[in-house]
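**Q** Can you read through this structure? Questions will come right after.
Number of protein chains: 2
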Amino acid sequence: MRADAARNLAEVLRAGARLLAEDPGTPLSAIATAAGVDRSTVHRRFATREALLSAVFEAKLDSSEQVLDEARLTEAPVAVALHRYVEGIVPVSREWPVTTRQMMRADPAADRRAAGQSRRLDAFVQRAADEGLLRADVPAAWSRAVLDQLVRTMAYDFPDVTPPQAADLVVDTLLNGVGR
Amino acid sequence: MRADAARNLAEVLRAGARLLAEDPGTPLSAIATAAGVDRSTVHRRFATREALLSAVFEAKLDSSEQVLDEARLTEAPVAVALHRYVEGIVPVSREWPVTTRQMMRADPAADRRAAGQSRRLDAFVQRAADEGLLRADVPAAWSRAVLDQLVRTMAYDFPDVTPPQAADLVVDTLLNGVGR
DNA sequence: AATTAGTGCCACGTCAGTGTCTTACTCTTC
DNA sequence: GAAGAGTAAGACACTGACGTGGCACTAATT
Chain A
0 MRADAARNLA EVLRAGARLL AEDPGTPLSA IATAAGVDRS TVHRRFATRE
50 ALLSAVFEAK LDSSEQVLDE ARLTEAPVAV ALHRYVEGIV PVSREWPVTT
100 RQMMRADPAA DRRAAGQSRR LDAFVQRAAD EGLLRADVPA AWSRAVLDQL
150 VRTMAYDFPD VTPPQAADLV VDTLLNGVGR
Chain B
0 MRADAARNLA EVLRAGARLL AEDPGTPLSA IATAAGVDRS TVHRRFATRE
50 ALLSAVFEAK LDSSEQVLDE ARLTEAPVAV ALHRYVEGIV PVSREWPVTT
100 RQMMRADPAA DRRAAGQSRR LDAFVQRAAD EGLLRADVPA AWSRAVLDQL
150 VRTMAYDFPD VTPPQAADLV VDTLLNGVGR
């Protein structure tokens, strides 16, 4: 692929992720404009609207899968893995702000892949509970959901916090809360 | 207004809230069907799509405003007010699952009203911090965001937890986290 | 039982977004 | 600088959703 074509492709994906996260009904023409590209160019790369959606989802899933791998959720000490995961996933969420909900509706294949990654995190949270990092009187599903939401809140509502700071605050809040 | 007309109106609002939360692009025909009503009836009540959106938002804002009033955020002991607020707002979020984000995009007036209610909560969180319920080394904005997200998670992802249980778990998690 | 507010069903014009194609042009690459 | 991959610009038909109106009919109200 020619260099400028690759650049355009990446621009379309990033613009698509950004605009579709804001409004899932954003027309392709708006995405094309935001990417600095003609509408016909978008259609050249992605036959249908759905194909573009799927490509955006895959890009996000690729990035998050890499974060899961590098966090070494099953091997590293739980506290270390947790911190590393959060530090890695926050920038990914910021760069690809599309949500899992949107995937579920629009692309069953992406949804399945997301479910697989979700299971890896479930297992990790379970391990954290087993090893005594988490309270035993709280359902693991709740701990898991809280982790997701803290990451999400940090990524979208506090865009200026750096990933390391974000990891500190998210982990601290998850484990100790904000009460004194 | 005739009794059956009022019933239909309420059905349309509730179906609209539910379907529009799932997919903001849901066509009016789908909402009408879900409400057990003809599409023309929806148009008879709400001249435009926007008008229906606004009505849904207003219904949610009415409910949540009542919760804010009854929680007595400025007068009751902070711990009591917090618990009562969560217990009240969870059912409201479940009944009107539309998000503030959607309001921002679709209806500036609703957005302004939501901002007003948001400020009341900000003030309450600040009071909780001043009175020593919350840690001083954590930004109030973060505490506020975490509260919102815990409520949201509980309302949507754990629909079977009763409001009193929900309040217990949310407040406990907010203050103490899920770590041991 | 009479009245009438309210509804369902059907048809219509309109409009925005989609997907396809053609042509002339531009920029990368060798 | 030559070749060709890639693009912008415009035209086109198609589809789905929106908003409006008419008319017969149902059901709440008196």
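Residue numbers (numbering that gives the first Met the number 0), protein chains in the order written: chain A, 0 to 179; chain B, 0 to 179. Virtual Cβ for every residue (Gly too), placed ideally from N, Cα, C. Every value quoted in this text rests on a predicted model; they were computed, and no experiment measured them.
(1) What does DSSP give as the partner residue(s) for residue 178(A) in the beta ladder?
(2) State the start and end residues of the unbroken alpha helix (DSSP H) segment that holds residue 157(B).
(3) Output yes if chain A places a C-beta closer than 8 Å to the C-beta of residue 178(B); else output no.
(4) Does any residue of chain A bring its CB to less than 8 Å from the CB of residue 156(B)?
(5) Are the CB atoms of residue 88(B) and residue 137(B) nearer to each other than 8 Å?
(6) Between 57(A), 67(A), 80(A), 76(A), which has its C-alpha nearest residue 98(A)'s C-alpha?
(7) At what residues does the alpha helix (DSSP H) containing residue 3(A) begin and finish?
(8) Under 8 Å, Cβ to Cβ, is there at least one residue of chain A near residue 95(B)?
(9) Kindly provide the ranges of any alpha helix (DSSP H) runs that are 4 or more residues long and lie completely inside the segment 63-98 of chain B, ordered along the chain.
(10) With distances taken Cα to Cα, identify the nearest neighbour of residue 30(A) among 43(A), 92(A), 14(A).
(11) Would DSSP call residue 25(B) helix, strand or coil?
(12) Determine which residues of the segment 15-44 of chain B have a Cβ less than 7 Å from any Cβ of chain A, and write them out in chain order.
(13) Looking at chain B, is there any beta carbon in it that lies within less than 8 Å of the beta carbon of residue 142(A)?
(14) Select from 62(A), 22(A), 18(A), 8(A) the residue whose C-alpha is nearest the C-alpha of residue 37(A).
(15) If you compare alpha carbons, which of 60(B), 68(B), 19(B) is closest to residue 48(B)?
(16) Could you tell me the alpha carbon to alpha carbon distance between residue 65(A) and residue 115(A), rounded to whole angstroms?
(17) Counting C-beta neighbours from all protein chains within 10 Å, is the total for residue 102(B) 16 or more, i.e. buried, or is it exposed?
(18) Residue 26(B) to residue 126(A), Cα distance in whole Å?
(19) Is it true that the segment 158-174 of chain A meets the segment 161-178 of chain B, where meeting means three or more beta-carbon pairs spaced less than 8 Å apart?
(20) So, residue 145(B) versus residue 161(A), is the Cβ gap smaller than 8 Å?
(21) Taking residue 53(A) and residue 154(A) to be in contact with their CB atoms under 8 Å, please state how far apart those CB atoms are, rounded to whole angstroms.
(22) Report yes if the CB atom of residue 85(B) is closer than 8 Å to the CB atom of residue 139(B), and no otherwise.
(23) Does any residue of chain A bring its CB to less than 8 Å from the CB of residue 104(B)?
(24) Can you tell me whether residue 106(A) is helix, strand or coil according to DSSP?
**A** The answer reads as follows:
(1) Sequence index remark: in the first sequence, residue 178(A) carries index 179 (1-based). 133(B).
(2) The sequence position of residue 157(B) within the second sequence is 158, counting from 1. Counting along the chain, residue 157(B) falls outside any alpha helix (DSSP H), and DSSP gives it neither H nor E.
(3) The count along the second sequence starts at 1 and reaches residue 178(B) at position 179. Cβ-Cβ to chain A under 8 Å: yes for residue 178(B).
(4) Within the second sequence, the letter at position 157 stands for residue 156(B). With 8 Å as the cut-off, residue 156(B) counts as an interface residue toward chain A.
(5) As a first step, residue 88(B) is located in the second sequence; it is residue number 89 there, counting from the start. As a first step, residue 137(B) is located in the second sequence; it is residue number 138 there, counting from the start. No, they are not a contact pair.
(6) Here residue 98(A) is taken as the residue at index 99 of the first sequence, counted from 1. The shortest Cα separation from residue 98(A) among 57(A), 67(A), 80(A), 76(A) belongs to 57(A).
(7) Counting from one through the first sequence, the residue named residue 3(A) turns up at place 4. From DSSP, the alpha helix (DSSP H) with residue 3(A) extends over 2-21.
(8) Walking along the second sequence from the start, residue 95(B) turns up at place 96. Answer no: the Cβ-Cβ gap between residue 95(B) and chain A never drops below 8 Å.
(9) 77-94
(10) For the purposes of this step, residue 30(A) is taken as the residue at position 31 of the first sequence. Comparing Cα positions, the closest option is 14(A).
(11) For the purposes of this step, residue 25(B) is taken as the residue at position 26 of the second sequence. Looking at residue 25(B) - three-state DSSP - the assignment turns out to be coil, as it is neither helix nor strand.
(12) 22, 23, 24
(13) For the purposes of this step, residue 142(A) is taken as the residue at position 143 of the first sequence. Yes, because at least one Cβ of chain B sits closer than 8 Å to the Cβ of residue 142(A).
(14) Position 38 of the first sequence, counting from 1, holds the residue named residue 37(A). Of the listed residues, the one whose Cα sits closest to residue 37(A) is 8(A).
(15) Here residue 48(B) refers to the residue found at position 49 when the second sequence is read from its first residue. Minimum Cα distance to residue 48(B) is reached at 19(B).
(16) On the first sequence, position 66 is the one that residue 65(A) refers to. On the first sequence, position 116 is the one that residue 115(A) refers to. C-alpha separation (whole angstroms): 13 Å.
(17) Reading the second sequence from its first residue, position 103 is the one you call residue 102(B). Result: buried.
(18) Numbered from 1 along the second sequence, position 27 holds the residue referred to as residue 26(B). Numbered from 1 along the first sequence, position 127 holds the residue referred to as residue 126(A). Those two C-alpha atoms are separated by around 44 Å.
(19) yes
(20) The residue you call residue 145(B) lines up with position 146 of the second sequence. The residue you call residue 161(A) lines up with position 162 of the first sequence. Cβ atoms of residue 145(B) and residue 161(A): not closer than 8 Å.
(21) Within the first sequence, numbered from 1, the residue matching residue 53(A) stands at position 54. Within the first sequence, numbered from 1, the residue matching residue 154(A) stands at position 155. That belief does not hold up - the Cβ atoms of residue 53(A) and residue 154(A) are roughly 22 Å apart, past 8 Å.
(22) Counting from one through the second sequence, the residue named residue 85(B) turns up at place 86. Counting from one through the second sequence, the residue named residue 139(B) turns up at place 140. No, the Cβ-Cβ distance between residue 85(B) and residue 139(B) is not below 8 Å.
(23) If you number the second sequence from 1, residue 104(B) lands on position 105. Output row for residue 104(B): interface = yes.
(24) For this step, residue 106(A) is matched to residue 107 along the first sequence. Reduced to three states, the DSSP call for residue 106(A) is coil.
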